[in-house]
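In our numbering, the protein residues as written are 15 to 646.
For glycine and all other residues, C-beta sits at the position ideal for the given N, C-alpha and C.
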Amino acid sequence: MAVDHANNQQLTTNYEIVNTLPALTSWIEKAKKAGRVAFDTETTSLNALQAELVGFSLCVEEGKACYVPLGHKKKGMRDEGLGDLFVTPNAPLPTSPVPNQLELAKTIALLKPLLEDESVLKIGQNIKYDILVLKQHNISISPIDDTMLLSYALHAGEHGHGMDELSQRYLGIKPISYDEVTGTGKNRLRFDEVEIEKAANYAAEDADITMRLWKFFKPQLPKEKLLTLYETIERPLVPVLTKMESIGIKVDLPQLAGLSKDFAARMAEYEREIYALAGREFNVASPKQLGEILFDEMKLEGGKKSDKSGAYSTDSGVLEDLAEQGHVLPEKILRWRELAKLKSTYTDSLANQINPKTGRVHTNFAMAIASTGRLSSNEPNLQNIPIRTAEGKKIRHTFVAEAGSLLLSADYSQIELRLLAHVADIPTLKNAFKNGDDIHAITASQMFGVPVSEVDSELRRRAKTINFGIIYGISAHGLSTRLGIPRTEAAQYIEKYFAQYSGIKSYMEECKEFARKNGYVETLFGRRCHLPSINDKNPARRQFSERAAINAPLQGTAADIIKRAMISCERKAVSEQCKMLLQVHDELVFEVKENAVEQAGKIIKNCMENAANISVPLTVEIGTGKNWGEAH
DNA sequence: ATCGCTTAG
DNA sequence: GTCCACTAAGCGATT
């Protein structure tokens with residue numbers, strides 16, 4: 015039973031195990047009558063697409079909840095997946111070794127009409143997970159509310175949005191922990207091996223807490239003017255993402271395996287060369303050992319120990335400087351590291367994450383992690399697939415379309431700089447975007463006082479770095495390291511930029527002032543990003559928040575815009591012929607039947623370019639190909 | 001569990 | 001004297 019620490023007493027709760035169909039029917043009737051129900055699934059995996067349903071809980075009013083066990087097994091009765099192949103043909107199968115559980119098919123038949131009833135609100139905590147689990151049983155849950163997303167709308171940047179944290183913070187209830195139920199370490203039980211009584215207390219409490227959190231958060235949204243953000247962006251995005259995640263993207267396994275083998279062989283060759291140059295064998299993957307070799311044993315210059323750990327830094331910047339001085343070892347290390355990264359994080363790992371049922375990889379898009387409103391992607395992360403180097407591009411080429419289809423990539427051009435031009439109201443920048451000019455060349459021309467026709471690649475590169483710096487809440491020191499120039503010179507550039515584009519300085523000051531006064535900044539669509547350290551007495555922490563205060567409205571508005579575009583693409587572009595697969599912050603990836611590509615491209619471009627109505631045009635570039643590398 | 005490093009936008 | 005550009009995820013080494 016949960017302990018209410020705020021009141022230092024046990025909660026008044028009434029949790030019931032439901033194991034008859036009439037009892038379940040009675041709970042469903044209560045939910046229908048109330049018009050809302052908090053709902054939670056219990057499964058065998060945190061990964062929704064690998065999860066098997068074990069049971070579910072319902073809560074109609076605070077303190078009263080039930081758990082419906084479906085798939086609990088005795089320990090040692092795990093279905094190992096290959097088990098069926100080795101079972102004697104006529105032997106009884108261990109379908110439901112623990113008694114007093116409802117039959118899955120009959121239960122689903124009762125539950126489905128409730129979860130699909132448009133007049134009953136289904137409330138979940140991270141309900142995208144439950145939607146994916148029940149999609150396997152042909153249930154599509156609607157309408158929905160999600161307490162994690164309510165918290166995210168209200169408190170992004172302030173704290174996390176997991177149920178335990180929210181419960182303790184806002185309800186003063188410390189819920190039964192998952193570890194407490196399953197145990198930890200090598201003896202950890204799978205949820206279907208947990209005793210029903212124990213599982214029921216845990217699961218029913220989760221549904222109860224979800225209902226309590228909903229009652230606490232939901233009325234706050236209109237008061238805080240966040241209901242529109244939630245109702246028009248966050249909530250409608252949930253079914254869009256569940257669809258993308260369950261479709262997944264095809265990866266060419268033989269090609270990936272070939273790359274792994276190639277990288278392994280080349281790494282081994284580098285290792286031989288590296289040991290010869292170092293004069294001994296060591297662990298190339300250990301920055302600590304590498305630093306000692308380079309700076310203690312070989313006595314190379316420029317070794318700087320960080321004051322925190324006392325170790326030498328050996329990052330790519332340091333190694334590149336050494337390589338430029340003509341040292342061969344740092345160059346070899348850089349090449350080895352590139353391959354090691356690609357092999358461990360991409361070729362080996364992705365191959366293991368191909369779902370055997372679909373032959374595709376299915377990411378999870380996390381909706382409540384990034385403080386700015388962006389999505390993040392995990393297990394696997396498909397938002398950081400390499401593109402910048404030749405070796406890395408080979409990995410992007412293993413993401414392919416099904417035979418008869420093409421991948422279509424649609425990405426916003428310079429969206430954050432366009433948003434800066436709009437929100438800071440900079441006429442020169444706005445005109446450049448309206449005319450379709452080369453924005454970095456225009457900046458270079460204005461900054462360095464030369465005609466656009468005379469801007470060479472070096473000046474353009476500097477202007478590009480400065481433009482990016484501005485979006486990130488520039489500091490003189492940061493710019494000086496990026497451009498490899500003295501700090502004083504970097505400071506002059508920034509001054510020049512502010513003089514040239516007078517609106518920028520005041521925009522930045524307004525962002526910081528708004529943050530200091532309110533504790534958060536806002537996007538064009540009203541999303542808030544909280545900055546708890548904006549008034550910190552520690553200058554480092556405070557300045558960090560000040561830079562975030564400048565960046566978050568731009569990054570966050572871009573996130574709002576692409577989320578709006580995804581929702582409109584789902585309505586206008588997506589079909590059996592055109593499937594939305596991925597979002598990578600300013601890019602959407604679709605898989606489109608070859609004969610539908612041209613039409614789909616037009617609709618997608620239109621949806622994306624019209625996702626916001628601002629004083630500069632938003633432009634979208636479309637590319638297609640048999641693989642993601644070609645489509646880019 | 002945290003650090004150091006690298007991948008992406 | 002201090003920050004050492006914003007937002008993420010993940011790997012292997014180290015503690």
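Leaving out five residues on either side along the sequence, give the residues of the same chain with a beta carbon under 6 Å from the beta carbon of residue 567.
Within the first sequence, the letter at position 553 stands for residue 567. For residue 567, where only same-chain residues beyond five positions count, the Cβ hits under 6 Å are 535, 537.
Whole angstroms is fine: what's the gap from residue 192's alpha carbon to residue 602's?
Here residue 192 corresponds to residue number 178 of the first sequence, with the count starting at 1. Here residue 602 corresponds to residue number 588 of the first sequence, with the count starting at 1. Using only the alpha carbons, I get a separation of about 36 Å.
Thinking C-beta only, is residue 270 closer than 8 Å to residue 359?
As a first step, residue 359 is located in the first sequence; it is residue number 345 there, counting from the start. As a first step, residue 270 is located in the first sequence; it is residue number 256 there, counting from the start. In terms of Cβ geometry, residue 359 and residue 270 do not form a close pair [threshold 8 Å].
How long is the line joining the alpha carbons of residue 131 and residue 60, rounded to whole angstroms?
Working through the first sequence from its first residue, we reach residue 131 at position 117. Working through the first sequence from its first residue, we reach residue 60 at position 46. In this structure, the straight-line span from the alpha carbon of residue 131 to that of residue 60 is close to 27 Å.
Where does residue 284 land, buried or exposed, given buried means 16+ other C-beta within 10 angstroms?
On the first sequence, residue 284 is found 270 positions in, with the first residue counted as 1. Buried: at least 16 other Cβ atoms inside 10 Å.
By Cβ distance below 6 Å, which residues in the same chain neighbour residue 344 in space, the five residues on each side in sequence not counted?
Mapped onto the first sequence, residue 344 falls at position 330. Taken in chain order, the residues that qualify are 333, 336, 337.
Could you give the distance in angstroms between the alpha-carbon of residue 634 and the alpha-carbon of residue 240?
If you number the first sequence from 1, residue 634 lands on position 620. If you number the first sequence from 1, residue 240 lands on position 226. Distance between residue 634 and residue 240, taken at the CA atoms: about 29 Å.
Which residues in the same chain have their Cβ closer than 6 Å to the Cβ of residue 182, if we skip the five residues on either side of it in sequence?
Here residue 182 refers to the residue found at position 168 of the first sequence. Counting only residues of its own chain and dropping the five nearest sequence neighbours on each side, residue 182 has a CB closer than 6 Å to the CB of 188.
On the CB-based measure, 16 or more other CB atoms within 10 Å of its CB, does residue 573 come out buried or exposed?
The residue labelled residue 573 in the question sits at position 559 within the first sequence. By the 10 Å Cβ count, residue 573 comes out buried.
Skipping 5 residues on each side, what residues in its chain have a beta carbon closer than 8 Å to that of residue 653?
No answer is possible for residue 653: the residues shown for the chain start at 15 and end at 646.
Where do the ends of the beta strand (DSSP E) carrying residue 604 lie?
Residue mapping note: residue 604 aligns to position 590 of the first sequence, counting from 1. Segment 601-607, the beta strand (DSSP E) holding residue 604.
Looking at residue 175: is its Cβ nearer than 8 Å to the Cβ of residue 166?
On the first sequence, position 161 is the one that residue 175 refers to. On the first sequence, position 152 is the one that residue 166 refers to. Contact flag set, yes.
Span separating the alpha-carbon of residue 592 from that of residue 618:
Here residue 592 refers to the residue found at position 578 of the first sequence. Here residue 618 refers to the residue found at position 604 of the first sequence. Going from the Cα of residue 592 to the Cα of residue 618 covers about 10 Å.
On a CA-only basis, which of 84, 487, 278 is nearest residue 349? Give me that one, please.
The sequence position of residue 349 within the first sequence is 335, counting from 1. The shortest Cα separation from residue 349 among 84, 487, 278 belongs to 278.
Grouping DSSP H, G and I as helix and E and B as strand, with all else coil, what is residue 313?
Numbered from 1 along the first sequence, position 299 holds the residue referred to as residue 313. In this structure, residue 313 counts as coil in the three-state DSSP scheme.
The stretch 373-386 touching the stretch 603-618, judged by at least three CB pairs closer than 8 Å:
Judged by Cβ distances under 8 Å, the stretch 373-386 makes no contact with the stretch 603-618, as fewer than three pairs qualify.
Three CB pairs or more closer than 8 Å across the stretch 215-225 and the stretch 39-59
Counting Cβ pairs under 8 Å, three or more are found: they touch.
Is residue 614 helix, strand or coil by DSSP?
Walking along the first sequence from the start, residue 614 turns up at place 600. Judged by DSSP in its simplified three-state form, residue 614 adopts helix.
Alpha carbon to alpha carbon, how far is residue 106 from residue 85?
Sequence index remark: in the first sequence, residue 106 carries index 92 (1-based). Sequence index remark: in the first sequence, residue 85 carries index 71 (1-based). Annotation note: pLDDT 47 at residue 106 (below 50); position unreliable, coordinate value reported separately. When rounded, the distance between both Cα atoms is 17 Å.
Cut-off 6 Å between Cβ atoms - residues of its own chain near residue 550, not counting five sequence neighbours on either side:
Along the first sequence, one-based indexing puts residue 550 at 536. Contacts found: 556.
Could you give the first and the last residue of the continuous alpha helix (DSSP H) run that contains residue 255?
On the first sequence, residue 255 is found 241 positions in, with the first residue counted as 1. That run of the alpha helix (DSSP H) goes 249-261.
For residue 261, I'd like the list of residues in its chain whose CB is within less than 7 Å of its CB, leaving aside the five on either flank, ordered along the chain.
Here residue 261 refers to the residue found at position 247 of the first sequence. Residues 593, 595 of the same chain have their beta carbon placed closer than 7 Å to that of residue 261, with the five preceding and five following residues left out of the count.
Measure from the alpha carbon of residue 540 to the alpha carbon of each residue in 405, 373, 133, 387, then state which is nearest.
Along the first sequence, one-based indexing puts residue 540 at 526. Residue 540 has its Cα closest to that of 387, out of 405, 373, 133, 387.
Separation of residue 281 from residue 651, as counted between CA atoms
Within the shown structure, residues of the chain are numbered from 15 to 646, placing residue 651 beyond reach of any answer.
Kindly indicate which residue of 622, 88, 459, 638 has the alpha-carbon position closest to the one of residue 631.
As a working note, residue 631 is residue 617 in the first sequence. Cα-wise, what sits closest to residue 631 is 622.
At the level of alpha carbons, what is the spacing between residue 325 and residue 468?
Taking the first residue of the first sequence as position 1, residue 325 is located at position 311. Taking the first residue of the first sequence as position 1, residue 468 is located at position 454. About 46 Å.
Assign residue 571 to one of two classes, buried (16 or more other C-beta atoms within 10 Å of its C-beta) or exposed (fewer than that).
Numbered from 1 along the first sequence, position 557 holds the residue referred to as residue 571. Buried, since its Cβ has 16 or more Cβ neighbours within 10 Å.
Do the stretch 389-397 and the stretch 435-443 touch if we need at least three Cβ pairs shorter than 8 Å?
Verdict: no, contact absent.
For residue 544, which three-state DSSP category applies?
Along the first sequence, one-based indexing puts residue 544 at 530. Residue 544: strand per DSSP, three-state reduction.
Indicate whether residue 487 and residue 552 have their beta-carbon atoms separated by less than 8 Å.
Sequence index remark: in the first sequence, residue 487 carries index 473 (1-based). Sequence index remark: in the first sequence, residue 552 carries index 538 (1-based). Cβ distance not < 8 Å, so residue 487 and residue 552 don't count as in contact.
Which residues in the same chain have their Cβ closer than 6 Å to the Cβ of residue 30, if we skip the five residues on either side of it in sequence?
As a working mapping, residue 30 is identified with position 16 in the first sequence. Correct list, in chain order: 80.
Whole angstroms is fine: what's the gap from residue 286's alpha carbon to residue 357's?
As a working mapping, residue 286 is identified with position 272 in the first sequence. As a working mapping, residue 357 is identified with position 343 in the first sequence. Rounded to the nearest whole angstrom, the CA to CA distance from residue 286 to residue 357 is 18 Å.
Does DSSP classify residue 208 as helix, strand or coil?
If you number the first sequence from 1, residue 208 lands on position 194. Annotated three-state conformation of residue 208 is coil, per DSSP.
Need the endpoints of the alpha helix (DSSP H) that residue 580 sits in, please.
Translated into the one-based positions of the first sequence, residue 580 becomes position 566. For residue 580, the enclosing alpha helix (DSSP H) stretches over residues 553-586.
Assigned exposure category for residue 114 - 16 Cβ within 10 Å defines buried
Taking the first residue of the first sequence as 1, we reach residue 114 at position 100. Exposed is the call here.
According to the neighbour-count rule (16 or more other Cβ atoms, all chains shown, within 10 Å of its Cβ), is residue 641 buried or exposed?
If you number the first sequence from 1, residue 641 lands on position 627. Buried.
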